[in-house]
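Protein chains in written order, with this note's numbering: chain P, 11 to 454; chain H, 10 to 449.
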């Protein structure tokens, strides 16, 4: 029996699908509607001293015919009075006592933190999320990512909060930092109950070619926004992995955020150690209804794999994410083209010839145009299989017999690595490369 | 099967002759362009007789550089707008699209092409530059696709160009001979006007060149002459009763339709003789003009028709019936055609034989002969040392030069009848041939 319910650092929810603190959680109306649609929790749009926003707030990166592949915003925290938000939190909890309502908070002084924590606890919030992530606007005032980028400050504030709070505390981290483990460790040392990540990434999504202003344009000017959406998912997953693998940080529950839109994204985040996921951009694009696809997909995956709860597979990919130096240098794959599937676009040829290792030959027959792999030149880089527009046409076939295993680390210990510029042990020594002047003969 | 009401107004005519390849809107073009794979050494480019860099112009459309896309198109094909609509793209660029091998619809290259060029023409964007004058002059006989392409190219190379056109409109068959559901007169003429405004060639209308004196005048006043005269009137079949009223040539019928639209008279029952693309067009057009019964009659089997499959399908979908393995042996009627007498044909030892013991009459009020156009042999006879082949096609070398060094030629007069795009290519290359020859 699949049971999607979670207990995230003491915050209980019917499922791991939470709305991230953002425009979709601006009001009780939206959150009630989301819970009706199937979301298990919501992190309220960040509360604090209400702000004044600008008009023209979002920008988008479209790729080919896909809209909002990347998305940024320059909207600040809530611009609604605290009392209105508190009243609505109370009302939502009345209708949905079993759903998770988490108050995202961002204030400055210790006194403000203590006051607002008391307020949201009284309103019935199930947990608190500390917004140390916003990379636009609020950081100019010493809050948001300004805190997330200063581990010592972050630790101090988490300490204040933990002293004051009776409900679980989630610290939300900014990705605008070199090593996510620095603020991660500071949060844990400050006593946080859990961590969520990532907040948005500082970005400029585009420049208008007529007005020369960055999007979103506010009366001829713009500012850096916070980047999110499908484009940031790989960055988010990497940072999640870094925290999950850390011996100390990995002990607290992690809530994954960043470009999540489908059940596959959800499963990937869970496999990297998340035990709740937060979604914003996908909802801003498609509405709350997308949770149906996420839930159905997650359930099906769990049934197919025989998992009862998400804890059965949370973090299951972590042992397989290692450092480069531990990868097997004896592993060998070579591309193989399925001639029956090939449509003759020859993109693999030009990608390999111009962008990789000159290991694909064009067909002599101008009609069939099916290229062929020059196996001895192929380094198994995957590029051809990635550019091929036909599913399963180019596959990477294992060529080593699986009996040999040596890593860079082991070779280093064995004193068997290239050390001089012209070392005979250079990996590419003797590997075929065309003569430079062969480039001039390729006139077709 | 469609049934068409006889059109009595321009609006009804336009409805019956709805454009097969309507203009794309911005969104459609953007989405369609996004599908292009940008193939290496793309098969569509190879399949285009003018070798337009199709993946490039599609990418330019996708990145909203429509002017750049048009430049790419016109750089290879001076009649890029017309060709986008009238080219049989299904057997050329779109037929070569690799998506066909994946059972995915090919990129709609023709419509994308037309989308870009049409926008550029409507915006009247300047794309071309007349070459610095070299003081030399070229005469072009015939302002059809080949002649126009030759004129455009020659202007960019710095030549003065005068075109001599027998009719009162430019573009030849593009405006007079192509089915009206493929392109409208307005669309054809606006492209020519666009080209002419930027390149400044002169067209002398209603000026047929058909005498030795006129040719001598051209030879005296011009450094080179391009023959782009296409083909002539529909060939006489030599049938008994062929001169009866109501027996017309397909080219003449289509021309009348292109010029008079709904005012063209098409009776209730029509027989179209022939199996080529022109026959398909004529039959389809007769049906769209409200003929109750249109019968296409071809002397050989369906498989042996010269017409493209899609053209036949289009005629059938317009409500045309077809008869195969029948050959006309006479036109019956009293002054006006009342029917066509056919004999069955059969293949005997690989040769088509007429069986005069098996004949029948198909009643009709009009016969359209789509059995090929005569060549302009009378003109060729007037040019000294002009070699023509057995089929009265002008012989040319790889530089599009004829056996009389001063004369170059291209288009239907050379290939015996092909697509607009072939003529456009010939004309362009012939201008380069002339340039090479004059600069030897």
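Where a beta carbon is used, it is the ideal one built from N, C-alpha and C, also for glycine. None of the values given here were measured: they were computed from a predicted structure.
- Residue 114(P) places its beta carbon 8 angstroms or farther from that of residue 181(P).
- Its Cα nearest to that of residue 241(H), the residue 389(H) stands out among 389(H), 111(H), 165(H).
- Looking at the backbone, the Cα of residue 238(P) and that of residue 72(P) are separated by about 13 angstroms.
- The C-alpha of residue 160(H) is placed about 20 angstroms away from the C-alpha of residue 129(H).
- For residue 79(P), the uninterrupted beta strand (DSSP E) segment begins and ends at 76-83.
- For the pair residue 421(P) and residue 427(P), the Cα-to-Cα distance works out to about 6 angstroms.
- Under the three-state reduction of DSSP, residue 224(P) is assigned to strand.
- For residue 393(P), the three-state secondary structure derived from DSSP is helix.
- Annotation for residue 50(P): 23, 24, 25, 26, 27, 28, 109, 110 place their beta carbon closer than 7 angstroms to its own, counting only its chain and skipping 5 residues before and after.
- Here residue 191(H) is actually not in contact with residue 279(H); their C-beta atoms are around 20 angstroms apart, not less than 8 angstroms.
- Against residue 39(H), the close residues of chain P are 75, in the order they occur along the chain (beta-carbon pairs closer than 8 angstroms).
- The C-beta distance from residue 345(P) to residue 388(P) rounds to 6 angstroms, short enough to fall under 8 angstroms.
- Taken through DSSP and simplified to helix, strand or coil, residue 48(H) comes out as coil.
- The beta carbons of residue 243(P) and residue 328(P) sit about 17 angstroms from each other, so the pair does not count as a contact at 8 angstroms.
- Where residue 144(H) is concerned, there is no enclosing alpha helix (DSSP H), because DSSP gives it neither an H nor an E.
- Look at the region 354-366 of chain P: the residues with a C-beta under 8 angstroms from a C-beta of chain H are 354, 355, 356, 357, 359, 360.
- Per DSSP, residue 120(H) is one residue of the alpha helix (DSSP H) stretching across 118-131.
- Taking residue 129(P) as the centre and dropping the five residues before and after it, the same chain places the C-beta of 92, 96 closer than 7 angstroms to its C-beta, in chain order.
- At least one CB of chain P lies nearer than 8 angstroms to the CB of residue 50(H).
- At a cut-off of 8 angstroms between beta-carbon atoms, residue 344(P) makes no contact with chain H.
- Annotated as proximal: residue 405(H) and residue 423(H), with beta-carbon spacing under 8 angstroms.
- Proximity of residue 399(P) to chain H, defined by a Cβ-Cβ separation below 8 angstroms, is satisfied.
- If you draw a straight line from the Cα of residue 15(H) to the Cα of residue 346(H), it is about 21 angstroms long.
- Out of 180(H), 105(H), 91(H), 87(H), the CA that lies nearest to the CA of residue 137(H) is found in 87(H).
- When only Cα atoms are considered, residue 321(H) and residue 271(H) end up about 23 angstroms apart.
- Check the Cα spacing between residue 228(P) and each of 450(P), 396(P), 150(P), 66(P): the tightest is with 66(P).
- DSSP links residue 337(H) through a beta bridge to 351(H).
- According to the DSSP assignment, residue 318(H) belongs to the alpha helix (DSSP H) that extends over 318-326.
- Residue 440(H) and residue 288(H) have their C-alpha atoms some 33 angstroms from each other.
- In the structure shown, the three-state DSSP call for residue 94(P) is helix.
- About 22 angstroms separates the Cβ atoms of residue 127(P) and residue 194(P), ruling out a contact at the 8 angstroms cut-off.
- Judged by DSSP secondary structure, residue 236(P) falls within the beta strand (DSSP E) whose first and last residues are 235-238.
- At a cut-off of 8 angstroms, the C-beta of residue 107(H) has a neighbouring C-beta in chain P.
- With 16 or more other Cβ atoms inside 10 Å of its own Cβ, residue 136(P) counts as buried.
- The three-state reading of DSSP puts residue 222(H) in helix, counting H, G and I together.
- The shortest C-alpha to C-alpha distance from residue 65(H) to any of 264(H), 46(H), 58(H) is the one to 46(H).
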